[in-house]
Amino acid sequence: MTVESTAARKPRRSSKRVSAAKKPASSEPQLVQLLTPEGERVEHPDYDIDLSPEELRGLYRDMVLTRRFDAEATALQRQGELGLWASLLGQEAAQIGSGRALRDDDYVFPTYREHGVAWCRGVDPTNLLGMFRGVNHGGWDPNSNNFHLYTIVIGSQTLHATGYAMGVAKDGADSAVIAYFGDGASSQGDVAESFTFSAVYNAPVVFFCQNNQWAISEPTERQTRVPLYQRAQGFGFPGVRVDGNDVLACLAVTRSALERARRGEGPTLVEAFTYRMGAHTTSDDPTKYRHDDERQAWEAKDPILRLRTYLENQGLADEAFFTELDKESDVLAKRVREAVRAMPDPDHMAIFDNVYADGHALVDEERAQFAAYQASFADASEEGK
Amino acid sequence: MAVEKMSLAKALNESLRKALDTDPKVLIMGEDVGKLGGVFRITDGLQKDFGEERVIDTPLAESGIVGTAIGLALRGYRPVVEIQFDGFVFPAYDQIVTQLAKMHARALGKIKLPVVVRIPYGGGIGAVEHHSESPEALFAHVAGLKVVSPSNASDGYWMLQQAIQSDDPVIFFEPKRRYWDKGEVDIESIPDPLHAARVARTGTDLTLAAYGPMVKVCLEAAAAAQEEGKSVEVLDLRSMSPIDFDAVQRSVEKTRRLVVVHEAPVFYGSGAEIAARITERCFYHLEAPVLRVGGFHAPYPPARLEEEYLPGLDRVLDAVDRSLAY
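Heads up: the protein sequence lines correspond to chains F and V, in order. My numbering puts the first sequence at residues 20 to 404. My numbering puts the second sequence at residues 15 to 340.
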């Protein structure tokens, strides 16, 4: 009998019990893995994937460009061009793997860190920066890439995804919906309610939880006492934990979950077990709550490095490919930098735009008053001339 | 003319039926709205006639109801959700305020959120805690939401369809203690715009402005005042966001006195907003300060005390007298 199972039968009073509880739920990860941290290809009985060399290079390219974009955005924040940035560093495989599993007619409901998924959807990365620069609260048309706006309130979008998926089912369409959220969001009522609704209505939705181990400073064991993927069982649908730093496994598992949704078999929870290498956002200081050795341990599992090792060992990519990709990264970074700096502040009157679709008397009144107030400065400067 | 006499509850039911019939994208969602027809029977018979795919019984989770309605709206549906009682809306308040209200603006107008949230509200039916509240100001304060409340069967019938046709989210407050009051509904007439106030009774000495359940009380007060030789005008505001201030101003410029009446607590209530705006607009016309009659800054009391808490005929008449005494 283990210490944990003995303790579980006793009232939880002793400090010993508390220290046992600190043991992360993730200590025994049942990971689906197809590519080891050393870059070795391994088989999994339930998930198989057969990708062409070109597709493998494509996944690598996506991850490298996404990481470069992310690094550039972080730099732009440091230079004062962005008010804030939420880095995805370390989560490229989870995002590119799941993102490349999607069909064009699938619909994505992201949180605010899904820059890699946005990339897969063909959203221009510069569009993602508007809200972080403070010129809008999202700004893109969700329907042009089937990629909904970033959602900042934790977990809210899982319900939107579920409702959208209910609509997909009503329409008789065979597309699927994917909702992204984090380990912190798993504690939110909305996520539990979205599990309930999607199960009850058999909605074609995949819940893709990126467990990056930290919700700002709160570790996963502050969110849950069971491995997150096991939550699904209680709601009546399957949950699976995948190595979130393995782009092949993320692709295979997400593809399988999406196909299940398309077949009308309902939701799946995918827990991508990964790590946020950087800070929560540029306002955060992870040195205050986590040790460097943890980060170093995860660095050895880097999603990009392991695919590179595999590509090189298998002779699937030559030096020219990597050199070319470096150049492409530079071009992307330059384009992003220039686009952000050229991004104009919105017009003053934009405050009143799109508050309502059909208009509102008070908004009209305040718009007119503010316009007159603004115009009074122009009049004053005219008089001063 | 196709005028029928029916209760507000029946009018709302007929309105939903018409909406479901007219637009295949309209959906009804909520707790117990299917077989039971809702705890107030507003959706009675609709699931039987339109099926479970159109009239959807939901899990008991208000945030889930509104959150999934948002997703359905994004897919092109027009969900009409029922929150069973006023005090139960708060688990959904986050979805309504942070998501439903703001998504259109966040997308720079590229998407629309035609969601109606129906909430039976207000007291006077002897209910237990959380079943008698008037939280309309909490919603009217939020940009992106429209907030309306019918006071009679005709408005119930027409305003609900107008709310469903609106491309904006509408919080639709139904005065539950008026559900069983009957009135004439002309199902062919062209109705007033959704956000226009209506003069429910004309008068020359003072204006009573109210909405939802208090319109009836104000009409009774105006009738009682008439017996004392006072001519009181009653405005049914119908909409709390936006408020038809032009209509209030027109009335006050005529009567020079205004009393605003609602069940919700006076403090930070819609009466405060109306008093402030009308003071700005009509300062030189007013013969008395704008007075307010409403609930107290206290939790809605147990049912045995609600007659004391709710503004009744006497409290309204007292305010009329105080205003006229200036």
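Just so you know, even glycine gets a beta-carbon here, dropped at the ideal spot from N, CA and C. None of these values were measured; they are calculated from a predicted model.
- Cβ neighbours of P315(V) within its own chain (closer than 8 Å, five residues either side excluded): E322 and Y323.
- Judged by DSSP in its simplified three-state form, F256(F) adopts coil rather than helix or strand.
- Secondary structure at D63(V): helix, using DSSP grouped into helix, strand and coil.
- Taking every protein chain shown into account, the CB of M43(V) has 16 or more other CB atoms within 10 angstroms, so this residue is buried.
- At a cut-off of 7 Å between beta-carbon atoms, Y79(F) makes no contact with chain V.
- Residue nearest to P144(F) within the set E338(F), Q249(F), A352(F) and P365(F) is A352(F) (criterion: CA-CA distance).
- Not flagged as an interface residue toward chain F: L74(V), since no C-beta distance is shorter than 7 Å.
- V210(F) and T301(F) have their C-alpha atoms roughly 26 Å apart.
- Non-local C-beta neighbours of E18(V) in its own chain, meaning closer than 6 Å and more than five positions away in sequence, comprise V199, ordered along the chain.
- Proximity of chain F to I84(V) at the Cβ level (cut-off 8 Å) is accounted for by L178, H179 and G182, in chain order.
- N230(F) has F292(F) as its beta-bridge partners, per DSSP.
- At a cut-off of 7 Å, the C-beta of R89(V) has a neighbouring C-beta in chain F.
- Counting along the chain, R80(F) sits inside the alpha helix (DSSP H) bounded by residues P72 to R97.
- Using a Cβ-Cβ distance cut-off of 8 Å, the region 286 to 294 of chain V and the region 241 to 248 of chain V are not in contact, since fewer than three pairs of beta carbons, one from each stretch, lie closer than that value.
- Around the CB of G203(F), 16 or more other CB atoms lie within 10 Å, so the residue is classed as buried.
- Three or more beta-carbon pairs separated by less than 8 Å link the region 368 to 384 of chain F to the region 112 to 125 of chain V, which places the two stretches in contact.
- Proximity of chain V to E133(F) at the Cβ level (cut-off 9 Å) is not reached, the minimal Cβ distance being about 16 Å.
- Its chain contains F187, Y225 and G226 as the residues whose beta carbon lies nearer than 6 Å to that of S163(V), once the 5 sequence neighbours on both sides are disregarded; these appear in chain order.
- The residue among P161(F), P246(F), T239(F) and A387(F) with its C-alpha nearest the C-alpha of F128(F) is P161(F).
- If the five residues before and after H367(F) are omitted, its C-beta is found closer than 8 Å to the C-beta atoms of F389 and Q393, all from its own chain and listed in chain order.
- Along the region 72 to 106 of chain F, there is no position whose C-beta sits under 9 Å from a C-beta of chain V.
- Ranked by Cα distance from A214(V), the first of R192(V), K62(V) and L249(V) is L249(V).
- In the structure shown, R274(F) falls within a helical segment according to DSSP collapsed to helix, strand and coil.
- Interface annotation, H63(F): not in contact with chain V, CB-CB separation never under 7 Å.
- Leaving aside the five residues that flank A210(V) on each side, the residues in its chain whose CB is nearer than 6 Å to its CB run, in chain order, D258.
- Apart from the 5 residues on each side of it in sequence, F297(V) has no Cβ closer than 8 Å to any other Cβ in its chain.
- The C-beta distance from S117(F) to F227(F) rounds to 5 Å, short enough to fall under 8 Å.
- The DSSP-derived three-state label of A236(V) is helix.
- Residues of the region 378 to 397 of chain F with a C-beta atom less than 8 Å from some C-beta of chain V are H379, A380, L381 and V382, listed in chain order.
- For the pair of segments examined, the region 105 to 124 of chain F was found to touch the region 321 to 329 of chain F: the number of CB pairs separated by less than 8 Å reaches three.
- For T215(F), a Cβ of chain V is located within less than 7 Å of the residue's own Cβ.
- In the DSSP assignment, the residues bridged to V225(F) are I197(F) and T287(F).
- L174(V): member of the alpha helix (DSSP H) spanning A167 to Q179, first to last residue.
- In the displayed model, A180(F) falls within a helix according to three-state DSSP.
- When secondary structure is reduced to three states using DSSP, L54(F) falls in the strand class.
- Looking at the backbone, the Cα of D69(F) and that of T287(F) are separated by about 22 Å.
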